[in-house]
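Below is one structure, written out as structure tokens, with a few remarks after it.
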């Protein structure tokens, strides 16, 4: 009779910040940010939980590292375009896409500042794009902040919406037809007339119009200014 061979012990992975952050993102995607603890990360990575503290001081710092990784993903997916308008539009779509792909993180960090490399690179790049558009330094900062704050607000809202229970999402979406579509026309003539369109609007359309409006505003402002050196 052959003796049973015991299962090999879990192989420990060599820890580094990227591995920890990517593991945390995977955990958050499947179980929410509440599941991202040093103990759980240690289990996933086959490492002592206390070893995690060599890379971050606490949960909030880890969240900021995860947020910075999302910004890195955005920049990896968005090639620099020849036209500044095309780059801003692609960056906007890319950022929303990444936040919705990782909604548990996106919903939490949309209002935060990571103060780390990927964010700093994004700020420098976007300010450079504003200069390419023809803005001066003051306007570059103003329109950069307007662009990014719109995107983060929209992306955070979409991420939060993705986290809703499917029944809650269905109730919200059906309300445009079941509630707004049945309001008395005499009392709410504008809603009654446009109810089918209200129900049909998509988040992609809203993002497209928002980006288009900001890009047009940048172009109009640049046209008012003397050429930049």
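Residue numbers (my numbering): 6 to 234.
Even for Gly, the Cβ is constructed at its ideal location relative to N, Cα and C.
| In this structure, does DSSP put residue 95 in helix, strand or coil? | helix
| query | Touching or not, the segment 131-146 and the segment 161-180, by the rule of three or more beta carbon pairs under 8 Å? | reply | no
| Completely contained alpha helix (DSSP H) runs for the segment 91-150, where each covers 4 or more residues | 108-114, 122-138
| query | What is the DSSP secondary structure of residue 155, counted as helix, strand or coil? | reply | helix
| task | Let me know the secondary structure DSSP gives residue 230 once reduced to three states. | result | coil
| field | Among 91, 59, 81, 41, the one whose alpha carbon lies nearest that of residue 71 | value | 41
| Minimum C-alpha distance to residue 97 - residue among 224, 220, 45 | 220
| query | How many Å lie between residue 229 and residue 145 at the Cα? | reply | 14 Å
| Which residues bound the alpha helix (DSSP H) around residue 78? | 64-82
| Are there three or more Cβ pairs, one per stretch, closer than 8 Å when the segment 159-167 is compared with the segment 206-222? | yes
| At which residues does the alpha helix (DSSP H) containing residue 194 begin and terminate? | 194-205
| said: Between residue 179 and chain C, is the shortest Cβ-Cβ distance under 8 Å, so that the two count as touching? | reply: Among the protein chains of the structure shown there is no chain C, as only one such chain exists.
| request: Give the single residue among 185, 227, 27, 110 whose Cα lies nearest to the Cα of residue 167. | output: 110
| With a CB to CB cut of under 8 Å and the five nearest residues on each side skipped, what residues in its chain are close to residue 56? | 20, 47
| message | Could you give the first and the last residue of the continuous alpha helix (DSSP H) run that contains residue 177? | response | 171-183
| Any idea what DSSP makes of residue 60, helix, strand or coil? | coil
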